[in-house]
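Note that the numbering used here numbers the sequence shown so that position 197 is 467, with each residue one more than the last. Structure record follows, encoded as structure tokens.
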Amino acid sequence: MATSPPAPPASGSSGTPLRKDAERNRQRIIDAAREVFGEQGAHAPVEEIAKRAGVGMGTLYRRFPDRTELVEAVFLERAQRYLDAANESLRHEDAWQGFRSYLERLCAMQSEDRLVTDVLTLTLPTSPTLQQLRERLYATQNRLIRAAKRHGGLRADFVPEDVVLLLVANSAIVRAVGDEIPESSSRFLALTLDALRTDRPSPLPAPPSSERLLRAMQRPAVRTRRRANAGRPTTSS
271 MATSPPAPPA SGSSGTPLRK DAERNRQRII DAAREVFGEQ GAHAPVEEIA
321 KRAGVGMGTL YRRFPDRTEL VEAVFLERAQ RYLDAANESL RHEDAWQGFR
371 SYLERLCAMQ SEDRLVTDVL TLTLPTSPTL QQLRERLYAT QNRLIRAAKR
421 HGGLRADFVP EDVVLLLVAN SAIVRAVGDE IPESSSRFLA LTLDALRTDR
471 PSPLPAPPSS ERLLRAMQRP AVRTRRRANA GRPTTSS
């Protein structure tokens with residue numbers, strides 16, 4: 271199994287080791303950025319990140335003078351995980367199963383970590399380090415696609431951009447109903463994979479009931495209304 275390189279010791283933008291309090295602040299900023307990016311995307315305002323971390327803007331900019339540095343700190347380890355998944359799938363003896371396992375792992379990662387979509391769909395701010403890693407990922411992914419076309423029955427008109435579209439669609443499913451219907455992602459992928467094959471279909475996960483789907487779709491709106499109501503001042507009679 272491919273392994274990620276060990277993380278380097280935390281350091282400031284100058285590369286010098288951080289004091290313990292500065293290191294704690296740095297980690298708090300990274301943790302807050304991971305939350306905010308997961309909720310709002312990688313272009314979320316840094317002011318919200320500082321607020322979530324409980325630090326001032328001066329502290330944030332001392333630790334991360336440039337947004338790109340913060341994006342790298344949050345996403346680099348994740349991008350390496352996706353590359354590892356692609357390399358492992360490429361070693362599969364069956365080309366179709368290798369391609370299938372790769373998409374299954376990516377969709378499972380989306381269910382666990384909503385930052386996956388930003389890493390894999392070119393929506394991150396420019397970062398040379400991340401871009402280099404992502405280019406390696408796409409090169410490996412394209413090898414999986416070519417092998418599945420030659421030996422695994424993948425339809426000839428499938429293109430790498432279709433992987434991005436698939437992940438965008440799966441991300442919408444995860445955000446809308448993933449908490450209530452966690453198997454919805456695997457059902458969507460199974461349907462999609464069968465549409466990509468040229469021969470036999472595979473068994474599908476059970477579909478959600480109409481009531482369960484409706485309840486899951488309504489839940490985000492209910493949460494939004496509750497947050498709005500919580501922010502209104504109370505009045506006394």
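Note that beta-carbon positions come from the ideal geometry of N, C-alpha and C, so glycine has one too. These numbers come from a predicted model, not from an experiment.
Residue closest to Ser455, alpha-carbon to alpha-carbon, out of Ile443, Asp449 and Leu435: Ile443
Whole-angstrom distance between Leu463 and Arg289, CA atom to CA atom: 50 angstroms
Exposure of Val325, with buried meaning 16 or more beta-carbon neighbours within 10 Å: The Cβ neighbour count for Val325, taken over all protein chains shown within 10 Å, is at least 16; the residue is labelled buried.
Pairwise C-alpha distance: Val306 and Ala272: The predicted model places Ala272 with a pLDDT of 46, which falls under 50 and marks its position as unreliable; any figure quoted below should be read in that light. So the alpha carbons of these two residues sit roughly 29 angstroms apart.
Beta strand (DSSP E) runs wholly inside the segment 353-417, at least 3 long, in chain order: none
Per-residue burial, Gly328 [other beta carbons within 10 Å of its own, 16 or more giving buried]: exposed
Test item: CB-CB of Arg348 and Asp383 under 8 angstroms: yes
Ala365, buried or exposed, once every other Cβ within 10 Å from all chains shown has been counted against 16: buried
Cβ neighbour criterion (16 or more within 10 Å) applied to Val429: exposed
Classification of Glu342 by the beta-carbon crowding that lies within 10 angstroms, buried from 16 upward: buried
Which of helix, strand or coil DSSP assigns to Arg457: Helix at Arg457.
For Arg482, the three-state DSSP class (helix, strand or coil): helix
Bridge partners - Leu463, DSSP secondary structure assignment: None; Leu463 has no bridge partner.
Neighbourhood of Arg322 by C-beta distance below 7 angstroms, restricted to the same chain and skipping five residues each side: Ala302, Glu305 and Val306
Sequence-distant residues of its chain with Cβ nearer than 7 angstroms to Arg404 (five each side left out): Ala349
DSSP beta-bridge partners of Leu424: Arg467
Beta-carbon proximity list for Ile319, same chain, < 6 angstroms, skipping 5 on both sides: Ala302, Ala303 and Val306
Beta-carbon proximity check, Tyr352 vs Leu414, cutoff 8 angstroms: no
Rounded C-alpha distance that separates Gly448 from Arg457: 12 angstroms
Gln380, buried or exposed, once every other Cβ within 10 Å from all chains shown has been counted against 16: buried
Straight-line Cα distance separating Gln402 from Ser274: With a pLDDT of 48 at Ser274, under the threshold of 50, the modelled position of this residue cannot be trusted, and the question is left open.
Residue from Gly311, Glu374 and Ile299 with nearest C-alpha to Leu340: Ile299
Best match in Ala356, Ala476, Arg425 and Val344 for proximity to Leu400 [C-alpha to C-alpha]: With distances taken between Cα atoms, Leu400 lies closest to Val344.
Reference Phe334, options Cys377, Ala292 and Gly308, closest by Cα: Checked all of Cys377, Ala292 and Gly308; the closest Cα to Phe334 is Ala292.
Separation of Tyr408 from Ala446, as counted between CA atoms: 27 angstroms
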